[in-house]
Amino acid sequence: MWSWPLAFEDQPPPHERPHSLHHLTVDVLMVMTWDPCFTVCTLVGNTRDCSPINEKPCTGADRATPGILYSILIGKPESYAEYFSLNRTTAELLLLKPIDRELYRRFDLVIKAEQNNGHPLPAFANLQIEVLDENNQAPYFLETSYHGYVSEASPVGTTIATNASLSAPLTIIALDNDVEETRDPQLEFLLDSYSNVFSVSATGIRRYLNLLQPLDRETQDSYTFTLLASDRAQQSTRYRG
C-alpha cells in the first residue's frame with residue numbers, strides 16, 4: 001500500500017492561491033499466483049464399522065485466498081464412488097455405506113484441490129484407505145481331533161510326534177477368518193487339563209505340542225485333554241487332543 005498527499009489549488013497569483021490537501025491511498029491487490037498445497041503428499045486413513053473419515057484440509061500459500069474446492073479425481077477400485085463422498089468445501093470424507101472387507105481391503109484415491117476464483121490452480125494428494133476387519137469370527141481348527149506320540153524317555157522340551165515312529169512333529173493349525181490365511185493369527189491356545197505336562201508353541205500358523213515334564217508310562221500311558229484357541233475376543237469350538 002502506498003499513500004501520497006495531493007494538493008488542489010485555484011489559479012490566483014502564487015502568493016494568494018488557496019489550496020486544500022487530501023491523501024490518496026492505493027491498495028495493491030493480491031494476484032493468486034500460488035497453487036494450493038496439501039499439508040502432506042500422501043494421506044492415510046482407515047475405516048471400520050462405517051465410521052466417518054476426515055480428510056486433512058488443503059491450504060493456499062496466498063493468505064487472502066478466496067476459497068478452495070475439493071473433489072475426488074480418480075480412484076481404485078472404480079466402485080469407490082459408492083462408498084465415499086468428499087465435501088466440496090470442507091474436504092470431509094464420509095463413508096456412504098458399509099464395506100465388506102472380503103470384497104475390498106483398500107481404496108486408493110486422488111484428491112484434487114483448486115482455488116475458487118475462476119482461475120483454478122490445482123493441487124493433488126494421494127489418499128490410501130485401508131479397510132480394517134472387524135473381529136467378529138471365532139477361530140477354528142483344521143482338524144476335529146489330534147493324536148500324538150511321545151517316548152517316556154523324552155526330555156523336557158520334546159515336541160510331540162504325529163506317529164509312533166516319532167519321525168514327524170504333530171502339527172496343530174487353527175485359523176481365524178478375520179486374518180489372512182498367510183498371516184499368523186496370533187491365537188492363544190489353552191488346555192483344559194494337563195497344562196502342567198504339555199504346552200503349545202506361542203507363535204506361527206503351525207503350532208506344536210511340547211513336553212513340560214518327564215513322563216512315566218507305568219503311572220499313566222495316555223493323556224486326553226481339550227484344546228481351545230482364542231483371539232482374545234472370540235473362542236474356537238473345543239477340540240479333543
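Take 1 as the starting number for the sequence shown in the UniProt record's numbering and just add one per residue.
C-beta: ideal position from N, C-alpha, C; glycine also.
query: Other residues of its chain near Ser-201: CB distance less than 7 Å, five sequence neighbours each side excluded; result: Arg-207, Tyr-208 and Asn-210
query: DSSP state of Glu-181 mapped onto helix, strand, coil; result: coil
query: Under the three-state DSSP convention, the category Glu-188 falls into; result: strand
query: Within 8 Å, strictly: CB atoms of Leu-190 and Leu-142; result: no
query: Cα-Cα separation, Asp-221 to Ser-167; result: 20 Å
query: Where Val-150 falls, given that 16 or more other Cβ within 10 Å makes a residue buried; result: buried
query: Presumed contact (8 Å Cβ cut-off) between Ser-85 and Leu-94, rounded CB distance; result: 5 Å
query: Under 8 Å between C-beta atoms of Leu-187 and Ser-230; result: yes
query: Among Pro-77, Arg-106 and Ala-123, the one whose alpha carbon lies nearest that of Ser-71; result: Ala-123
query: Separation of Pro-139 from Ala-164, as counted between CA atoms; result: 29 Å
query: DSSP-derived helix/strand/coil call for Glu-152; result: coil
query: Glu-92 to Leu-69 span [Cα, whole Å]; result: 12 Å
query: C-alpha distance - Thr-90 paired with Val-131, whole-angstrom precision; result: 23 Å
query: Secondary structure of Ala-125, DSSP reduced to three states; result: strand
query: Three-state secondary structure (DSSP) of Ala-81; result: helix
query: Classification of Gly-148 by the beta-carbon crowding that lies within 10 angstroms, buried from 16 upward; result: buried
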